[in-house]
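Written below as structure tokens is the structure these notes are about.
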């Protein structure tokens, strides 16, 4: 074999690596880390000391897994019967100290985290969750089973997210919030339970959302939260009165599928 085709990995002698694990090129695995049989680690990923990667888990390229993180362990669900299920993590994602990510509950089910995410220390991603790209979960944020987090969401520290809740793209969640209903894309929510406080204009700008699209989103926001219409009525008015663009079409799809209801404003409660 030519030298350039050899798989080169830097594995500390105290690490425990199952011989059937698939380790990519230029992977670093630190002292006392544990990599189980059905794990696949992409090129350039770094596994720091005492991290554990278990189950049927695939980790992408150039990720960093910090000490004490546990990825791919059994879900905390009484229905779980040791069936085969998965965790998939995209490229360039960082998982900080003592974070936990559980595999799916149900045969062939999965938990999935996208590219370029940052999961800070002590975060928890439960079974069957789908986390998009460029998501940030601050320290001790926790999402329960079957939660969907769309792209470029920021979740503040010590936040708890109820099972089956969906968080729309470019949303921002304030610290120590309690989420029991869906978070509409592009909004900022905060509180216990969480309420909408406005639009995430800074997040949209950083994500490259155009000025015209932001103008349309602002108009849709006013219809949704300032018109005293029901959700179904607001959807109809947005369809008729707001200029169509990709962001508005995504917003409408999200609202049509809000089975748990959506986070409202404090003003809604007063009225």
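In this note's numbering, the protein residues as written are 34 to 304.
From the three backbone atoms N, C-alpha and C, an ideal C-beta is built for every residue, glycine too.
Given the structure is predicted, the values throughout are model-derived calculations rather than measurements.
Residue span of the alpha helix (DSSP H) that contains residue i, given as start and end
i: residue 238; result: 234-239
i: residue 269; result: 264-274
i: residue 74; result: Here residue 74 belongs to no alpha helix (DSSP H); instead the beta strand (DSSP E) covers 72-74.
Residue i (DSSP reduced to helix, strand or coil)
i: residue 121; result: strand
i: residue 115; result: coil
i: residue 320; result: Nothing can be reported for residue 320: it is not among the residues displayed for the chain, which extend from 34 to 304.
i: residue 283; result: helix
i: residue 231; result: strand
i: residue 107; result: coil
i: residue 129; result: coil
i: residue 215; result: strand
i: residue 135; result: strand
i: residue 289; result: helix
i: residue 56; result: strand
i: residue 248; result: helix
i: residue 259; result: helix
i: residue 102; result: coil
Boundaries (first-last residue) of the beta strand (DSSP E) holding residue i
i: residue 43; result: 42-44
i: residue 184; result: Unbroken run through residue 184: none, as it is neither H nor E.
i: residue 223; result: 220-224
i: residue 295; result: Run containing residue 295: none; DSSP gives neither H nor E here.
i: residue 62; result: 60-62
i: residue 191; result: No beta strand (DSSP E) holds residue 191; DSSP gives it neither H nor E.
i: residue 305; result: Since the first and last residues shown for the chain are 34 and 304, residue 305 lies out of range.
Test item: CB-CB of residue i and residue j under 9 Å
i: residue 157; j: residue 175; result: yes
i: residue 88; j: residue 58; result: no
i: residue 280; j: residue 227; result: no
i: residue 295; j: residue 262; result: no
i: residue 164; j: residue 147; result: yes
i: residue 143; j: residue 120; result: yes
i: residue 298; j: residue 213; result: no
i: residue 233; j: residue 221; result: yes
i: residue 190; j: residue 153; result: yes
i: residue 136; j: residue 100; result: no
Spatial neighbours of residue i in its chain, beta-carbon cut-off 8 Å, leaving aside the 5 residues before and after
i: residue 140; result: 116, 117, 118
i: residue 35; result: With a pLDDT of only 37 at residue 35, under the threshold of 50, the placement of this residue in the model should not be trusted, and no figure is reported.
i: residue 274; result: 252, 256
6 Å Cβ shell around residue i - same chain, five flanking residues per side excluded
i: residue 67; result: 49, 85
i: residue 127; result: 97, 151
i: residue 180; result: 162, 194, 198
i: residue 65; result: 47, 82, 83
i: residue 71; result: 89
i: residue 200; result: 182, 186, 216
i: residue 257; result: 267
i: residue 42; result: 56, 60
i: residue 291; result: 215
i: residue 79; result: 61, 97
i: residue 192; result: 174, 206, 210
i: residue 145; result: 121, 163
i: residue 223; result: 207, 210, 230
i: residue 69; result: 51, 87
i: residue 287; result: 201, 218
7 Å Cβ shell around residue i - same chain, five flanking residues per side excluded
i: residue 276; result: 249
i: residue 259; result: none
i: residue 44; result: 50, 62
i: residue 205; result: 187, 221, 233, 236
Below-9 Å beta-carbon distance, residue i vs any chain B residue
i: residue 134; result: No chain B is present in this structure, which holds just one protein chain.
Quiz item: Is there contact between the region 88-108 and the region 130-145, where contact requires at least three CB pairs shorter than 8 Å?
Solution: yes
Quiz item: Does the pairing of the region 168-187 with the region 264-271 give three or more beta-carbon distances under 8 Å?
Solution: no
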